[in-house]
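**Q** I have a structure I would like to understand better, so I am pasting it below and will then ask my questions one at a time.
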Amino acid sequence: MTDIIIHCAVALLFPPLLLGVIGKTKAAFAGRVGAPYLQPYFDLIKLFRKGSVFSETTTWVFRAGPLITLSAALIAVLLIPLGHHGAPLSFSGDLILFAYLFGLSRFFTTIAALDTGSSFEGMGAAREVTFSCLAEPTLFFSLLTLARISKSLSLSTILTHPTPAIWLAAGASMLLLVGALFITLLAENCRIPFDDPNTHLELTMIHEVMVLDHSGPAFGIILYGAALKLFILGAVFINIAFPVATGNALIDWGIFIAAMLVLAVAIGVVESVMARLRLVRIPQLLVGATILSAFAMLLVLR
Amino acid sequence: MFLLDPTLFLLVAASCIALSGIPGLLAHHSAWGQRVAAIIVIAASCLGETAVISLLSGIPASSYQIDWPLPFGPALFSVDHLSTIFLFPLFLVTGAVALYSVAYWPAREKASAGRLTFFLGLFAAAMIIVVMARNGVLFLMAWEVMALSAYFLLTTEQQSSDVQRVGTVYLLATHTGTMALFVMFSLLRATAGTFAFPATHALSLAVPVATTVIITALIGFGGKAGLMPLHFWLPGAHANAPSHVSAMMSGLMLKMGVYGILRTVSFFDQLPAWLGWLILLLGAWSAINGIALAAGQRDLKRLLACSSIENIGIVFIGIGLALVGLQQHASYLVVCGLAGAFIHIVNHGLFKSLLFLGSGVLIHGTGTREIDRMGGLARRMPVTSPLFLVGSLAICGLPPLNGFVGEFFLYVGAITDGIVAPLPLVALVAPVLALVGGLAVLTFVKLFGIVFLGAPRSADSAHGHEASAVMTGPMVLLAGGCLIAGMAPVLLVRLVTPVVGFYGGLSPQDMAQVMGHIPLVPLTCANVLLLVVVLAVGAAYLRRLRTSPRSQGSTWGCGYLEPTPRMQYTGTSFSEMAVSLLGGIVAPDRRRPTLDTPIPPADARFSYETTETVLDRILIPVFQVVGTAFSFLRKVQHGQLHIYVLYIFATLCVLMIWKN
Chain H
0 MTDIIIHCAV
10 ALLFPPLLLG
20 VIGKTKAAFA
30 GRVGAPYLQP
40 YFDLIKLFRK
50 GSVFSETTTW
60 VFRAGPLITL
70 SAALIAVLLI
80 PLGHHGAPLS
90 FSGDLILFAY
100 LFGLSRFFTT
110 IAALDTGSSF
120 EGMGAAREVT
130 FSCLAEPTLF
140 FSLLTLARIS
150 KSLSLSTILT
160 HPTPAIWLAA
170 GASMLLLVGA
180 LFITLLAENC
190 RIPFDDPNTH
200 LELTMIHEVM
210 VLDHSGPAFG
220 IILYGAALKL
230 FILGAVFINI
240 AFPVATGNAL
250 IDWGIFIAAM
260 LVLAVAIGVV
270 ESVMARLRLV
280 RIPQLLVGAT
290 ILSAFAMLLV
300 LR
Chain B
0 MFLLDPTLFL
10 LVAASCIALS
20 GIPGLLAHHS
30 AWGQRVAAII
40 VIAASCLGET
50 AVISLLSGIP
60 ASSYQIDWPL
70 PFGPALFSVD
80 HLSTIFLFPL
90 FLVTGAVALY
100 SVAYWPAREK
110 ASAGRLTFFL
120 GLFAAAMIIV
130 VMARNGVLFL
140 MAWEVMALSA
150 YFLLTTEQQS
160 SDVQRVGTVY
170 LLATHTGTMA
180 LFVMFSLLRA
190 TAGTFAFPAT
200 HALSLAVPVA
210 TTVIITALIG
220 FGGKAGLMPL
230 HFWLPGAHAN
240 APSHVSAMMS
250 GLMLKMGVYG
260 ILRTVSFFDQ
270 LPAWLGWLIL
280 LLGAWSAING
290 IALAAGQRDL
300 KRLLACSSIE
310 NIGIVFIGIG
320 LALVGLQQHA
330 SYLVVCGLAG
340 AFIHIVNHGL
350 FKSLLFLGSG
360 VLIHGTGTRE
370 IDRMGGLARR
380 MPVTSPLFLV
390 GSLAICGLPP
400 LNGFVGEFFL
410 YVGAITDGIV
420 APLPLVALVA
430 PVLALVGGLA
440 VLTFVKLFGI
450 VFLGAPRSAD
460 SAHGHEASAV
470 MTGPMVLLAG
480 GCLIAGMAPV
490 LLVRLVTPVV
500 GFYGGLSPQD
510 MAQVMGHIPL
520 VPLTCANVLL
530 LVVVLAVGAA
540 YLRRLRTSPR
550 SQGSTWGCGY
560 LEPTPRMQYT
570 GTSFSEMAVS
580 LLGGIVAPDR
590 RRPTLDTPIP
600 PADARFSYET
610 TETVLDRILI
620 PVFQVVGTAF
630 SFLRKVQHGQ
640 LHIYVLYIFA
650 TLCVLMIWKN
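Which chain is which? The protein sequence lines are H and B, in order. Throughout the first sequence, residue numbering follows numbering that gives the first Met the number 0, covering 0 to 301 in sequence. Throughout the second sequence, residue numbering follows numbering that gives the first Met the number 0, covering 0 to 659 in sequence.
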């Protein structure tokens with residue numbers, strides 16, 4: 000019970016901090032002081048207090064988009080184990096629901112973008128759905144590989160199963176998996192090298208351009224939802240890449256949060272040292288990640 | 000007990016539906032014939048649905064035998080669980096379509112309504128008989144009535160040259176398939192000695208004969224189902240038929256092909272090992288190619304038709320998994336594969352019919368089928384747009400709608416066997432389904448987003464109007480079905496459990512054991528939780544919205560002050576990137592202008608046409624060559640009927656002499 004409460008509390012409160020840490024890391028690389036770690040929280044509070052501007056072309060779809068996107072993410076966060084504690088909602092086959100919840104949120108993000116009738120947002124929506132077609136098989140290959148290793152179909156078992164011993168036994172395939180998942184993590188969360196969350200007005204944008212017309216509380220919901228998505232996929236990644244469990248519940252939570260912060264720093268470093276890829280290169284990298292994960296699966300299937 | 004016999008109910012329902020169009024034929028240009036037909040069909044559908052439900056609840060069905068004076072053995076009608084699962088969506092959709100057609104194709108405005116109503120009834124009745132026939136010749140007769148009434152239905156607007164062309168392609172395709180079926184049933188007759196269907200798992204044939212039977216069944220039935228590469232007739236036929244006819248063709252007629260294959264396979268006591276893998280491959284191939292084709296389409300109904308190929312592919316993936324499982328005695332795979340396939344058959348009947356009926360409302364309201372000419376219709380069609388959205392979400396297999404349930408079973412079957420059993424290869428089905436699901440989201444975001452959202456792209460769209468309740472009512476019924484079945488997957492599972500047990504040859508204990516592992520209750524919980532969270536977040540957001548200042552403005556154009564609706568992304572531009580990535584499959588025909596003219600540039604045109612690879616690039620060129628090569632034979636085809644009768648007489652004489 001305590002774990003469930005901590006799970007919900009961490010999942011609800013922690014995600015924006017990741018954005019703060021990424022921002023601070025990038026600032027450090029650029030030689031700036033940067034915004035405070037808690038800046039994303041301040042931004043969210045400010046946005047929730049603001050009024051909204053709606054475009055005349057929009058309908059109820061535009062208003063429903065952010066809500067459903069956030070709701071899908073809130074259900075998805077209940078399905079993944081955090082810090083080696085089982086997820087509050089867990090059943091055999093929940094990994095399929097997990098993947099399809101992202102599909103649902105993508106559907107609504109993109110139709111909300113198309114509702115504005117802006118060609119920029121149309122562009123972003125088209126890219127989002129196209130690239131996700133390429134990222135989706137990667138997620139499935141990875142989860143299948145882990146399912147095969149742990150002989151289970153439930154995310155709680157699959158993601159708490161990896162241990163240092165398994166890393167030693169199936170190191171090659173775990174390494175491939177971690178590589179593929181890191182690429183997917185960056186792609187799905189629209190980070191560099193796939194997308195740049197800091198600029199709005201370039202024609203190569205994906206996620207940011209889809210939310211150009213959202214304002215006020217709706218935009219706050221979108222920002223929060225994006226942070227939550229980063230948190231979810233980050234947690235999946237950390238569970239596999241850093242499978243350390245002490246057995247002590249509180250220490251495990253501490254390790255998990257520390258690991259997530261390190262991941263945020265790592266993303267910040269990637270964003271600081273890399274340039275964004277040309278748009279035509281993105282599918283190649285995504286297909287590359289799919290092939291890496293397919294390799295990982297092949298290695299455990301043999 | 001006689002009065003409660005479901006088979007009799009079904010036969011009565013079939014006869015009523017078959018004859019329902021006759022009053023309309025007698026009274027031209029009058030609405031009552033059509034209304035009477037609708038009432039008869041709806042009443043008969045209710046009767047049929049009652050029979051289906053009583054069959055599912057375990058009331059035994061009897062067989063009826065008619066000793067007709069034809070030399071093919073007695074005509075035998077019967078229903079078993081396999082028939083029932085096809086009859087369930089059949090009656091539902093037929094009833095919905097009958098009501099819809101009264102407003103969509105009103106007899107007062109359209110002269111063809113009488114004929115349309117007549118063939119619609121005949122078409123539905125023929126499908127009922129197809130799943131009830133237990134005699135090869137009776138089956139083929141019903142099959143032909145079905146195929147030909149579909150032809151007359153889809154050529155309703157026969158003045159259009161497009162319609163004539165696709166009608167001819169359809170007729171050729173369906174008769175090529177029927178020819179394969181003739182071979183198949185003749186072979187069965189030659190080995191079994193009778194046209195009556197063999198009992199389940201009773202047929203053991205020599206390998207070459209069995210292979211021929213299976214291959215001909217795959218050609219004949221697979222062509223009707225729209226399995227790649229025999230799908231070429233499908234996009235055109237579905238796009239050019241009246242929308243409610245497309246709904247029935249796609250939602251129901253394609254499933255008759257699936258039924259045929261399932262029925263044929265059930266005859267054999269032993270199946271070749273490659274069959275399951277072949278069907279699995281064909282299914283995966285159809286699913287990926289079908290949805291890739293759909294993504295590139297510009298025609299609303301062509302897009303839906305191509306997505307039918309994808310859905311049939313998913314059904315075949317399920318059947319393939321089950322057959323592989325039967326071969327390897329993997330009961331998990333059998334149950335999940337069959338359950339996934341059957342659930343998807345029912346689901347596809349619901350959501351594809353819903354989407355086709357929705358496309359009818361769109362065509363009715365705007366007068367165009369081109370996605371790129373629509374836009375902004377959500378404002379003008381406040382009832383149709385949420386219904387269409389439900390259909391779109393369901394067809395993408397997204398929770399909490401019914402499409403997810405069927406795909407869930409397929410995933411669970413594939414992955415479970417992939418991880419525990421010695422069949423790791425089937426686990427590859429999961430990434431294939433994921434890719435198909437991703438492309439489906441792309442396709443239906445494009446469809447819904449471009450058609451209903453944004454600003455109107457043409458005057459047709461700007462003046463679009465909502466349809467009457469007679470048209471939206473049936474859609475509400477179908478959308479409600481999608482939602483209920485998605486929220487409570489246990490209903491769908493209850494529906495298909497008997498047929499899975501029957502077809503997979505599993506004992507109730509085995510079934511219960513596997514089904515016990517399927518997390519139906521948690522799925523419902525997750526779905527309910529999702530709805531609760533959406534409502535809670537929505538309520539909080541609305542409260543915030545009410546108390547905070549709100550203003551309206553135009554869409555932000557990055558500083559550009561004179562945006563026009565033509566600047567919006569179109570459907571073609573939306574899918575352009577995906578289509579160029581999938582270049583080999585979709586193969587669009589782009590005609591670019593040359594830009595080497597000096598300043599000022601001359602007028603230039605760009606055209607973008609999606610082509611049909613199998614039909615346009617392979618079949619038509621081949622047929623043209625064959626046509627030229629055999630042109631000398633055209634002499635015997637002169638259009639004089641009495642000479643044609645002479646040909647038949649002469650053939651009969653030759654056959655008699657040869658026989659003696």
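Cβ atoms here follow ideal geometry from the backbone N, Cα and C, with glycine treated the same way.
Does the stretch 303 to 310 of chain B come into contact with the stretch 238 to 250 of chain B, if we say contact requires no fewer than three beta-carbon pairs (one atom in each stretch) closer than 8 Å?
**A** The stretch 303 to 310 of chain B is in contact with the stretch 238 to 250 of chain B.
**Q** Just the C-alpha distance for Gly267(H) and Arg31(H), rounded to the nearest angstrom, thanks.
**A** Approximately 14 Å between the Cα atoms of the pair.
**Q** Where Met0(B) and Ala50(B) are concerned, what is the direct C-alpha to C-alpha distance, given to the nearest angstrom?
**A** With a pLDDT of 44 at Met0(B), under the threshold of 50, the modelled position of this residue cannot be trusted; read the value that follows with caution. The alpha-carbon atoms of Met0(B) and Ala50(B) are separated by roughly 13 Å.
**Q** Under 7 Å between beta-carbons, which chain H residues line up against Leu280(B)? List them in chain order, please.
**A** Here the premise fails: no neighbours, minimum Cβ distance about 18 Å.
**Q** Taking the beta carbon of Leu204(B) as the centre, do at least 16 other beta carbons fall within 10 Å, making it buried, or is it exposed?
**A** So Leu204(B) counts as buried.
**Q** Using a Cβ-Cβ distance under 8 Å, would Ser19(B) count as near chain H?
**A** No, Ser19(B) lies away from the interface with chain H (no Cβ there is under 8 Å from its Cβ).
**Q** Please check the pair Gly357(B) and Leu337(B), which I expect to be a contact at CB under 8 Å, by giving their CB distance rounded to whole angstroms.
**A** Not a contact, Cβ separation roughly 30 Å.
**Q** Does chain H have any CB closer than 8 Å to the CB of Ala433(B)?
**A** So, interface residue.
**Q** Any residues in the stretch 47 to 64 of chain H with a beta carbon nearer than 9 Å to a beta carbon of chain B? Which ones, in chain order?
**A** Residues Phe47, Arg48, Lys49, Gly50, Ser51, Val52, Phe53, Ser54, Glu55, Thr56, Thr57, Thr58, Trp59, Val60, Phe61, Arg62, Ala63.
**Q** Should Ala146(H) be flagged as near chain B, meaning a C-beta pair shorter than 8 Å?
**A** Interface residue, yes.
**Q** Whole angstroms is fine: what's the gap from Ala628(B)'s alpha carbon to Pro234(B)'s?
**A** So the two alpha carbons sit approximately 29 Å from each other.
**Q** Taking a contact to mean a Cβ-Cβ separation below 8 Å, would you say Ala74(B) touches Leu7(B) in this structure?
**A** The answer is no: Cβ separation not under 8 Å.
**Q** Is the beta carbon of Phe90(H) less than 8 Å from the beta carbon of Pro518(B)?
**A** Going by C-beta atoms, Phe90(H) is nearer than 8 Å to Pro518(B).
**Q** What does Ala377(B) touch in chain H if you count any residue whose Cβ is under 7 Å from its own?
**A** Correct list: Thr58, Val60.
**Q** If we call anything under 8 Å between Cβ atoms a contact, is Leu274(B) one with Leu320(B)?
**A** Not in contact: Leu274(B) and Leu320(B) (Cβ atoms no closer than 8 Å).
**Q** Any C-beta of chain H within less than 8 Å: which residues of the stretch 299 to 321 of chain B qualify?
**A** The stretch 299 to 321 of chain B vs chain H, Cβ under 8 Å: nothing.
**Q** Any beta carbon of chain B sitting closer than 8 Å to that of Pro282(H)?
**A** Chain B, which has a Cβ nearer than 8 Å to the Cβ of Pro282(H), makes this yes.
**Q** Using a C-beta cutoff of 8 Å, does Phe193(H) count as contacting chain B?
**A** It does not: the Cβ of Phe193(H) has no partner Cβ on chain B nearer than 8 Å.
**Q** Between Thr415(B) and chain H, is the shortest Cβ-Cβ distance under 8 Å, so that the two count as touching?
**A** It does; some Cβ of chain H falls within 8 Å.
**Q** Determine the direct distance from the alpha carbon of Ala179(B) to that of Ile647(B), and round the result to whole angstroms.
**A** The straight-line gap from Cα to Cα measures roughly 21 Å.
**Q** Starting from Gln551(B), follow the beta strand (DSSP E) in both directions and report where the run begins and ends.
**A** Its beta strand (DSSP E) spans residues 549 to 552.
**Q** Taking 8 Å as the threshold (beta carbon to beta carbon), is Met204(H) in contact with chain B?
**A** For Met204(H), the answer is no, since every Cβ of chain B falls outside 8 Å of its Cβ.
**Q** Residue range of the alpha helix (DSSP H) that Thr49(B) falls in?
**A** Counting along the chain, the alpha helix (DSSP H) containing Thr49(B) begins and ends at 30 to 55.
**Q** Of all Cβ atoms in chain H, is any one closer than 8 Å to the Cβ of Tyr643(B)?
**A** Not one chain H Cβ lies under 8 Å of Tyr643(B).
**Q** Say whether chain H places a C-beta atom closer than 8 Å to the C-beta of Ile394(B).
**A** No, because no Cβ of chain H sits closer than 8 Å to the Cβ of Ile394(B).
**Q** Determine, using beta carbons only, whether Gly390(B) and Ala294(B) come nearer to each other than 8 Å.
**A** No, the pair does not count as a contact, with Cβ atoms beyond the cut-off.
**Q** Hey, Leu332(B) and Gly412(B) are a contact pair by Cβ (cut 8 Å); roughly how many whole angstroms apart?
**A** The pair is a contact, with the Cβ atoms about 5 Å apart (cut-off 8 Å).
**Q** Report yes or no: do three or more beta-carbon pairs, one from the stretch 486 to 494 of chain B and one from the stretch 517 to 536 of chain B, lie closer than 8 Å?
**A** Segments in contact, yes.
**Q** Can a CB atom of chain B be found closer than 8 Å to the CB of Asp114(H)?
**A** It does; some Cβ of chain B falls within 8 Å.
**Q** Quick one: complete alpha helix (DSSP H) runs, 4+ long, within the stretch 563 to 602 of chain B?
**A** Counting whole runs of 4 or more residues, the stretch 563 to 602 of chain B contains the alpha helix (DSSP H) stretches 570 to 580, 582 to 585.
**Q** Near Leu227(H), which residues of its chain fall below 8 Å by C-beta distance, leaving aside the five closest residues on each side in sequence?
**A** Closer than 8 Å at Cβ, skipping near neighbours: Ala10, Pro14, Leu69, Ala72, Leu73, Val76.
**Q** Quick check: Gly503(B) and Val334(B), are their CB atoms within less than 8 Å of each other?
**A** Going by C-beta atoms, Gly503(B) is nearer than 8 Å to Val334(B).
**Q** According to the neighbour-count rule (16 or more other Cβ atoms, all chains shown, within 10 Å of its Cβ), is Leu12(H) buried or exposed?
**A** Answer is exposed; the Cβ neighbour count stays below 16.
**Q** Give a yes or no on whether the C-beta atoms belonging to Arg378(B) and Thr108(H) are separated by under 8 Å.
**A** Not closer than 8 Å, so no.
**Q** Across which residues does DSSP place Ile65(B) in a beta bridge pair?
**A** Its beta-bridge partners are Ala74(B).
**Q** For Met122(H), would you say it is in contact with chain B, using Cβ-to-Cβ distances shorter than 8 Å as the test?
**A** Interface residue, yes.
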